[in-house]
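A.B. asks: Please see the structure below; I have some questions.
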Amino acid sequence: MEGIRLKRVEEQVRSEVAALLLRGEIKDPRVNTFLSITRVELARDGSHAKLYVSTFQDPSELEQSVIGLNKAAGYIQSALAKRIHIRLTPKLVFIADTGIKEGFELGEKLKDLLS
Numbered sequence: 001m002e003g004i005r006l007k008r009v010e011e012q013v014r015s016e017v018a019a020l021l022l023r024g025e026i027k028d029p030r031v032n033t034f035l036s037i038t039r040v041e042l043a044r045d046g047s048h049a050k051l052y053v054s055t056f057q058d059p060s061e062l063e064q065s066v067i068g069l070n071k072a073a074g075y076i077q078s079a080l081a082k083r084i085h086i087r088l089t090p091k092l093v094f095i096a097d098t099g100i101k102e103g104f105e106l107g108e109k110l111k112d113l114l115s
């Protein structure tokens, strides 16, 4: 895929999967609605996508949610294929991203140092 089109498809995948999470359409009890999709890395041919998932909750809950999302990846792929009209729906892999939580904790530490 071309670079600009690749970025546009990545953003569409991110927003559609985030909407699925927000609406609570994923019925796995390990997956909660407090998850956010921080970024998507789509392969150049569009066959695979890595979705990075983050939350403010405990790291153990994040790991359980990622396991649940990977188990529900087939359902999410089919829902994505219905909403995004592209020739090839990518195979989804969810990865835990602790960047938001670490950034928040770092900001709190800096705030404590300044006061």
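Numbering (our numbering), first residue to last: 1 to 115. Heads up, the beta-carbon is just placed ideally off N, CA and C, and yes, glycines get one too. Note that the coordinates shown come from a computational prediction; the quantities given were computed from them, not determined experimentally.
#1: Can you name the start and end residues of the alpha helix (DSSP H) that R83 belongs to?
#2: On the premise that D28 lies in contact with K71, defined as a C-beta separation below 8 Å, what is that separation, rounded to the nearest angstrom?
#3: For F104 and S115, I'd like the C-alpha separation in whole angstroms.
#4: For K91, which beta-bridge partners are listed by DSSP?
#5: Spell out whether any CB of chain D is found under 7 Å from the CB atom of E102.
#6: With three or more beta-carbon pairs closer than 8 Å as the criterion, would you say the stretch 18-34 touches the stretch 87-96?
#7: Tell me the residue span of the beta strand (DSSP E) that contains R39.
#8: Would Y52 pass as a contact of T38 if the rule is Cβ separation under 7 Å?
C.D. replies: Taking the coordinates as given:
#1: A73 to R83
#2: 6 Å
#3: 17 Å
#4: H48
#5: Of the protein chains in the structure, only one exists, and it is not chain D.
#6: With the cut-off at 8 Å, the stretch 18-34 and the stretch 87-96 do not touch.
#7: S36 to L42
#8: yes
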